[in-house]
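A.B. asks:
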Amino acid sequence: MISCKDITEKANDYIDRELPLLTRMKMKIHLFACIHCQRYVSQLQITILALRKMKKEHSVDENTVDNIVNNLKNYKQNEPEIK
Ligand SMILES: [Zn+2]
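Positions 4 to 86 (our numbering) are the ones given, in order, by the sequence shown.
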């Protein structure tokens, strides 16, 4: 089984559908059972979608958006309670 840490590490690729089918299925099963990861992935998804929309509509610099997403990822990964 994959852990909550795996979910936070792969959440970006999961949202972008850039993972192998087996990995996606394992993540889906974990997400089904784990409310914390469900919240994390849905928040990340909302954030990413909002940033992309912003980028499109207001021509925000692509690097700025990537930096924000990466900061979010790193912030979540460094949270001590997620092991
Ligand atoms: Zn979890």
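Here a beta-carbon is modelled for each residue, glycine too, at the ideal position from N, C-alpha and C.
Apart from the five residues on each side of it in sequence, which residues of its chain come closer than 6 angstroms, Cβ to Cβ, to Y17?
C.D. replies: Numbered from 1 along the sequence shown, position 14 holds the residue referred to as residue 17. For Y17, where only same-chain residues beyond five positions count, the Cβ hits under 6 angstroms are M30.
A.B. asks: Put M4 into one of helix, strand or coil per three-state DSSP.
C.D. replies: In the sequence shown, the residue the question calls residue 4 occupies position 1. In the structure shown, M4 sits in coil (DSSP, three-state: anything other than H, G, I, E or B).
A.B. asks: What is the DSSP secondary structure of R20, counted as helix, strand or coil?
C.D. replies: In the sequence shown, residue 20 corresponds to position 17, counting from 1. Coil, per DSSP.
A.B. asks: Does the beta carbon of H61 fall short of 6 angstroms from some heavy atom of ligand 1?
C.D. replies: Within the sequence shown, the letter at position 58 stands for residue 61. No, the Cβ of H61 stays beyond 6 angstroms of every heavy atom of ligand 1.
A.B. asks: Between the stretch 8-15 and the stretch 37-46, do three or more beta carbon pairs fall short of 8 angstroms?
C.D. replies: Taking 8 angstroms as the limit for Cβ pairs, the verdict is that the stretch 37-46 does touch the stretch 8-15.
A.B. asks: For a test of your reading of the model: does the CB of I10 fall under 6 angstroms from any non-hydrogen atom of ligand 1? Yes or no.
C.D. replies: By 1-based counting over the sequence shown, the position of residue 10 is 7. Yes; taking the cut-off as 6 angstroms, the Cβ of I10 has a heavy atom of ligand 1 nearer than that.
A.B. asks: Can you have a look at L24 and say buried or exposed, based on whether 16 or more other CB atoms are within 10 angstroms of its CB?
C.D. replies: The residue given as residue 24 occupies position 21 in the sequence shown. Result: exposed.
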